[in-house]
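Engineer:
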Amino acid sequence: MTDFLQACRVAIGAAHVLTDDTDTAGYLTDQRGRYTGKALAVLKPGTTEEVAAIVRLCSEHRVPIVPQGGNTGLVLGSVPDASGKAVLLSLTRLNRIRAIDPINNTMTVEAGCILQHIQQAAATAQRLFPLSLAAEGSCTIGGNLSTNAGGTGVLRYGNTRELCLGVEVVTAQGEIMSSLRGLRKDNTGYDLRNLFIGAEGTLGIITAAVLKLFPQPKAQVTALTALRTPDHALRLLNLAQTHCGAALTGFELMSDFCLQLVAKHFPPHRAPFSKNHAHYVLLELSDSESEAHASEMFEAVIGTALEQELIDDAAIATSIAQSKSLWQLRELISMAQAHEGKNIKHDISIPISRIGEFIRVTDVLVQQTSPGCRMVTFGHLGDGNLHYNVSPPVDVKDTDFINQQAAINRTVHDSVDRFGGSISAEHGLGALKREEILRYKSPVELRLMHAIKQALDPHSLMNPGKVL
Ligand SMILES: Cc1cc2nc3c(=O)[nH]c(=O)nc-3n(C[C@H](O)[C@H](O)[C@H](O)COP(=O)(O)OP(=O)(O)OC[C@H]3O[C@@H](n4cnc5c(N)ncnc54)[C@H](O)[C@@H]3O)c2cc1C
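If you're matching positions, the sequence shown starts at 0 in numbering that gives the first Met the number 0 and goes up one per residue.
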């Protein structure tokens, strides 16, 4: 491998070939600190041509490649296995915004651009790039595309796939394929762009993309409502969509226990109500007219919801600071759950109309599997996507609880399957759910996925051991 590493140094510069443990350590552990892999080297190319040169060398020497962006993924997709045979290809030096076209409403960015920088550049051009998630300060657009990330704006703007008009990709053979034309219509054969989006780096390396931009809303108004059950939340969703149409950009469900954890671990963050309620929904409206118009719409929805007894209480934010603090309640849940100890996460989707029934039925089944466990249920209800997480019973040690992980996963995922849902709504499969998906995808789907992988990456060098 000395020849290979020497050739890498020539291709991208010795300073960007890291082999020393102290230099590579930061790249090899996953986001939640559960797993540390090994790599032959961490390679940090700075251009698409350098990525292509590295991929050709890897192909020639049969060295597996694990692409990595911000390493915020949650399914062990961006870290190598323990063999030490793969190189970790960090895309973070490909961080240029190549062009913004406000008339075409597009932006061409390199894969290593941090999501927050893209949002800021769009705002500077008086446009909105609506992808938003709690990891936006460190995740990259290449990672967002490769996992088809969701986030808080999916209800109105769709997943990352819907926000992308073209990609530049380095294939497993080291060729460069580009569809960076910014076209909204192009029916000229198979949709290659969409093969690479959501592929988690198993088919090629995304090096750049054309993203869709939108007009900036004139006003964003946020409200927190308190209600009894997820079924009430679904009726509220229907009411808000009927009244507000596309202006409804956020609809997030949180159980009372979620907010109790936030209040416990992050005081003084708490729901602004005089008493606790069983569930809460955070709603966001983005309005193209004015703040007054948005508030009027909100007041009408909330007034009707109170009349129809869909909600028991509501608080509308009257300032940006109040709006931020309502959103913080939602965003702090994952961290609060982590402070509470080990937990078992499920990132699932269910047809929206069946979510209430799913939660009722599955809560009972999980209690049968792990008596006394505490459900931390929250998520993007408007997209049918729940973080259906499980924390241990108060008196059970973390290690004993984690031993029940396989049984709890089986209970939850089988129930998701019975309700016609997906066991991975947002985070992908990575290495974590690769075995699990075999139980739920049909043999035909699996065969076609293997055929695509074999056609595009015949030597299985692109992120092996992930997805398939
Ligand atoms: C606090 C927190 C909140 C989150 N919230 C959400 C959320 O709301 N919605 C959501 O969908 N996800 C969420 N995530 C998960 C994660 O942030 C997303 O999956 C994100 O899109 C990953 O981007 P990244 O740059 O960190 O990718 P990485 O973690 O580095 O990589 C993710 C996968 O993509 C591959 N990859 C990365 N870059 C490339 C590339 N250029 N070409 C080919 N393959 C590549 C990797 O090999 C890996 O398989 C959250 C994570 C955290 C920590």
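Beta carbons: idealized from backbone N, C-alpha and C, even for Gly.
Can you tell me which of the three DSSP states residue 252 falls into?
Structural biologist: On the sequence shown, residue 252 is found 253 positions in, with the first residue counted as 1. Note: residue 252 maps to strand in three-state DSSP.
Engineer: In the structure shown, what three-state DSSP assignment does residue 355 receive?
Structural biologist: Residue 355 sits at position 356 when you count from the first residue of the sequence shown. Helix.
Engineer: Residue 153 lies in the alpha helix (DSSP H); which residues open and close that run?
Structural biologist: For the purposes of this step, residue 153 is taken as residue 154 along the sequence shown, with counting starting at 1. 153-156 is the extent of the alpha helix (DSSP H) around residue 153.
Engineer: Check whether the stretch 165-177 and the stretch 418-431 touch, using three or more Cβ-Cβ pairs below 8 Å as the test.
Structural biologist: no
Engineer: Going by alpha carbons, who is nearest to residue 89 out of 414, 459, 109 and 233?
Structural biologist: Mapped onto the sequence shown, residue 89 falls at position 90. Answer by Cα proximity: 109.
Engineer: Confirm the yes/no value for this check: CB of residue 65, any heavy atom of ligand 1, distance under 7 Å.
Structural biologist: Counting from 1 along the sequence shown, the entry for residue 65 is found at position 66. Yes; taking the cut-off as 7 Å, the Cβ of residue 65 has a heavy atom of ligand 1 nearer than that.
Engineer: On the DSSP bridge assignment, give the partners of residue 279 in chain order.
Structural biologist: Against the sequence shown, residue 279 aligns to sequence position 280. Residue 279 pairs with 225 and 253.
Engineer: Among 452, 212, 169 and 80, which one has its Cα closest to the Cα of residue 117?
Structural biologist: Stepping through the sequence shown from its first residue, residue 117 is reached at position 118. Out of 452, 212, 169 and 80, the CA that lies nearest to the CA of residue 117 is found in 212.
Engineer: If we ignore side chains and look at the alpha-carbon of each, how far apart do residue 149 and residue 382 end up?
Structural biologist: Position 150 of the sequence shown, counted from the first residue, corresponds to residue 149. Position 383 of the sequence shown, counted from the first residue, corresponds to residue 382. The straight-line gap from Cα to Cα measures roughly 9 Å.
Engineer: Quick one: Cα of residue 260 to Cα of residue 375, how far?
Structural biologist: Within the sequence shown, the letter at position 261 stands for residue 260. Within the sequence shown, the letter at position 376 stands for residue 375. Cα to Cα, the separation comes out at about 9 Å.
Engineer: Grab the span of the alpha helix (DSSP H) containing residue 60 for me, first residue to last.
Structural biologist: Mapped onto the sequence shown, residue 60 falls at position 61. Element bounds for residue 60: 47-60.
Engineer: Measure the C-alpha to C-alpha separation of residue 325 and residue 266 and round it to an integer number of angstroms.
Structural biologist: The residue given as residue 325 occupies position 326 in the sequence shown. The residue given as residue 266 occupies position 267 in the sequence shown. Distance between the alpha carbons of residue 325 and residue 266 is about 14 Å.
Engineer: Just mark residue 2 as buried or exposed, buried being the case when its beta carbon has 16 or more other beta carbons within 10 Å.
Structural biologist: Along the sequence shown, one-based indexing puts residue 2 at 3. By the beta-carbon neighbour count (other beta carbons within 10 angstroms, threshold 16), residue 2 is exposed.
Engineer: Under 6 Å Cβ to Cβ from residue 348, same chain only, skipping five residues before and after it: list those, please.
Structural biologist: Position 349 of the sequence shown, counted from the first residue, corresponds to residue 348. Excluding positions up to five away in sequence, the list reads 383, 384, 420, 421 and 424.
Engineer: Taking all protein chains shown into account, decide if residue 189 is buried (16 or more other Cβ within 10 angstroms of its Cβ) or exposed.
Structural biologist: On the sequence shown, position 190 is the one that residue 189 refers to. Answer is exposed; the Cβ neighbour count stays below 16.
Engineer: Would the beta-carbon of residue 205 be found less than 7 Å away from any heavy atom of ligand 1?
Structural biologist: Taking the sequence shown and counting its residues from 1, the one referred to as residue 205 is at position 206. Yes, the Cβ of residue 205 comes within 7 Å of a heavy atom of ligand 1.
Engineer: Tell me the start and end of each unbroken beta strand (DSSP E) in the stretch 368-445 that is at least 3 residues and wholly inside, in chain order.
Structural biologist: 373-379 and 384-390
Engineer: Since residue 194 is in the alpha helix (DSSP H), which residue starts that stretch and which ends it?
Structural biologist: On the sequence shown, residue 194 is found 195 positions in, with the first residue counted as 1. Unbroken alpha helix (DSSP H) run through residue 194: 191-195.
Engineer: Label residue 333 either buried or exposed according to how many other C-beta atoms from any shown protein chain fall within 10 Å of its C-beta, with 16 as the threshold for buried.
Structural biologist: Position 334 of the sequence shown, counting from 1, holds the residue named residue 333. Looking at its Cβ environment, which holds 16 or more other Cβ atoms inside 10 Å, residue 333 is buried.
Engineer: For ligand 1, any of its heavy atoms closer than 7 Å to the Cβ of residue 104?
Structural biologist: The residue you call residue 104 lines up with position 105 of the sequence shown. The answer is no for residue 104.
Engineer: I believe residue 38 touches residue 23 by the beta-carbon criterion, under 8 Å. Please report the beta-carbon distance rounded to the nearest angstrom.
Structural biologist: Along the sequence shown, one-based indexing puts residue 38 at 39. Along the sequence shown, one-based indexing puts residue 23 at 24. With 8 Å as the limit, residue 38 and residue 23 qualify as a contact, their Cβ atoms being about 6 Å apart.
Engineer: Kindly indicate which residue of 380, 388, 379 and 67 has the alpha-carbon position closest to the one of residue 337.
Structural biologist: As a first step, residue 337 is located in the sequence shown; it is residue number 338 there, counting from the start. That would be 388, whose Cα lies nearest to the Cα of residue 337.
Engineer: Confirm the yes/no value for this check: CB of residue 134, any heavy atom of ligand 1, distance under 7 Å.
Structural biologist: Position 135 of the sequence shown holds residue 134. Yes; taking the cut-off as 7 Å, the Cβ of residue 134 has a heavy atom of ligand 1 nearer than that.
Engineer: Taking the alpha helix (DSSP H) that residue 114 belongs to, which residues open and close that run?
Structural biologist: Locating residue 114 in the sequence shown gives position 115, counting from the first residue. First-last of the alpha helix (DSSP H) with residue 114: 114-123.
Engineer: Does any heavy atom of ligand 1 sit closer than 7 Å to the C-beta of residue 69?
Structural biologist: Counting from 1 along the sequence shown, the entry for residue 69 is found at position 70. Checking every heavy atom of ligand 1 against the Cβ of residue 69, one is found closer than 7 Å.
Engineer: Using DSSP's beta-bridge definition, name the partner residues of residue 324.
Structural biologist: The sequence position of residue 324 within the sequence shown is 325, counting from 1. None; residue 324 has no bridge partner.
Engineer: Going by beta carbon distance, what residues of the same chain come within less than 6 Å of residue 115, once the five residues before and after it are set aside?
Structural biologist: As a first step, residue 115 is located in the sequence shown; it is residue number 116 there, counting from the start. For residue 115, the CB contacts under 6 Å within the same chain, skipping 5 residues up- and downstream, are 135 and 136 in chain order.
Engineer: Residue 448 by DSSP, collapsed to three states: which one?
Structural biologist: Here residue 448 refers to the residue found at position 449 when the sequence shown is read from its first residue. In the structure shown, residue 448 sits in a helix (DSSP, three-state: H, G or I).
Engineer: Thinking C-beta only, is residue 278 closer than 8 Å to residue 286?
Structural biologist: Taking the sequence shown and counting its residues from 1, the one referred to as residue 286 is at position 287. Taking the sequence shown and counting its residues from 1, the one referred to as residue 278 is at position 279. No.
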